[in-house]
Amino acid sequence: MYTLPALNYAYEALEPHIDGLTMHIHHDKHHQTYLDKLNTALTNYPDLAALSAEDLLWHFADRVQLKTPIDIATAIKNHGGGFEHHNLFWEIMSPNGSREAVGDLSAAINARFNSFADFKIQLIDVATKHFGSGWAWLVLNEKKELAIYSLPNQDSPLLSKHYPIMGIDVWEHAYYLKYQNRRPEYLEAIWQVLDWQKIEERYQLGLKK
Ligand code: MN
């Protein structure tokens, strides 16, 4: 059984950028529901449940789809994605942290996107234009190159063996209480609470994956 990770900071710690009520509902209700539905889907598949959620998605094509009926595979894709993406999301934010890329990731961003400022413009643009629910991602692709794209719903880059370094949730549940239809304001607010030290740690994990 997977379990809900606690936040490493108080629900209100990201205010005024991300409000406490949104954090409560997002973590305690939405994330919890993805978790519950994932655990239900895996009830009769203990060998799959023994994998980390990251590996469950990473090996989706070669293990999960082969071992489970289509409806359960779909539940694992949707709710496994929802569970793992939110694990990542809480981890890469913090009330105080590095607000610009550091270390090897900083060098890689500058090499790939010209500068951190240019990278931000591209990522925010992709997140702004994403139609409907989904996530904007910075990933390491199969060649271990950085790439920016968005995916719908809880479709995971991990399904394509792309390692998600950071992601921004653009489901309306992530911002509607405070920002209503103003997604660009939410994206600017999220940018203020990203912790690039944590994102650098994910970059190092991705290089080794
Ligand atoms: Mn969400």
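Under numbering that gives the first Met the number 0, the first residue of the sequence shown is numbered 0, with each subsequent residue one higher. Glycine residues also receive a C-beta, built at the ideal position from the N, C-alpha and C atoms. Given the structure is predicted, the values throughout are model-derived calculations rather than measurements.
*By the 10 Å Cβ neighbour count, where 16 or more other Cβ atoms means buried, how is E83 classified, buried or exposed?*
buried
_Which residues neighbour ligand 2 when neighbourhood means a C-beta less than 6 Å away from any of its non-hydrogen atoms? List them by chain order._
Summarising the ligand content, the structure contains ligand 1 and does not contain ligand 2.
*Residue nearest to W134 in terms of C-alpha spacing, selected from I75, G80, Y178*: G80
_Can you confirm whether the region 172–180 touches the region 59–75 when touching is taken to mean that 3 or more C-beta pairs between the two stretches lie within less than 8 Å?_
no
_Close Cβ partners of K36 (< 6 Å) along its chain, the five nearest in sequence each way excluded_ = H78
*asked:* Cutting at 6 Å between CB atoms, please list the residues of its own chain near S111, excluding the five before and the five after it.
replied: First, the residue type needs correcting, since residue 111 is Arg and not Ser in the sequence shown. So the list reads L145, once near-sequence residues are dropped.
*Enumerated in chain order, which unbroken segments of the beta strand (DSSP E) with a length of 3 residues or greater are wholly contained in the region 130–164?*
133–139, 145–151
_So for G205, helix, strand or coil by DSSP?_
helix
_Measuring alpha carbon to alpha carbon, tell me which residue in T2, T32, P94, K28 is nearest S51._
T2
*Go ahead and pull the three-state DSSP assignment for I210.*
Given a span of 0 to 208 for the chain in the structure shown, any question on residue 210 remains unanswerable.
*asked:* I'd like to know whether the C-beta atoms of I24 and I91 end up nearer to each other than 8 Å.
replied: no
*Cα-Cα, which of E14, G205, T127 is closest to W170?*
T127
*Of the residues Q31, D168, P163, Q196, the one placed nearest E53, counting alpha carbons only*: P163
*Boundaries (first-last residue) of the alpha helix (DSSP H) holding Y175*: 175–178
*Beta-carbon separation of G166 and L87 under 8 Å?*
yes
_Contact check, A116 vs I108, beta carbons under 8 Å_ = no
*What did DSSP end up calling M92 once you bin it into helix, strand or coil?*
strand
_Element boundaries [alpha helix (DSSP H), containing L41]_ = Counting along the chain, L41 falls outside any alpha helix (DSSP H), and DSSP gives it neither H nor E.
*With distances taken Cα to Cα, identify the nearest neighbour of Q203 among L65, G102, L47.*
G102
*Buried or exposed for D61, please, with buried defined as at least 16 other CB atoms from any protein chain shown within 10 angstroms of its CB.*
exposed
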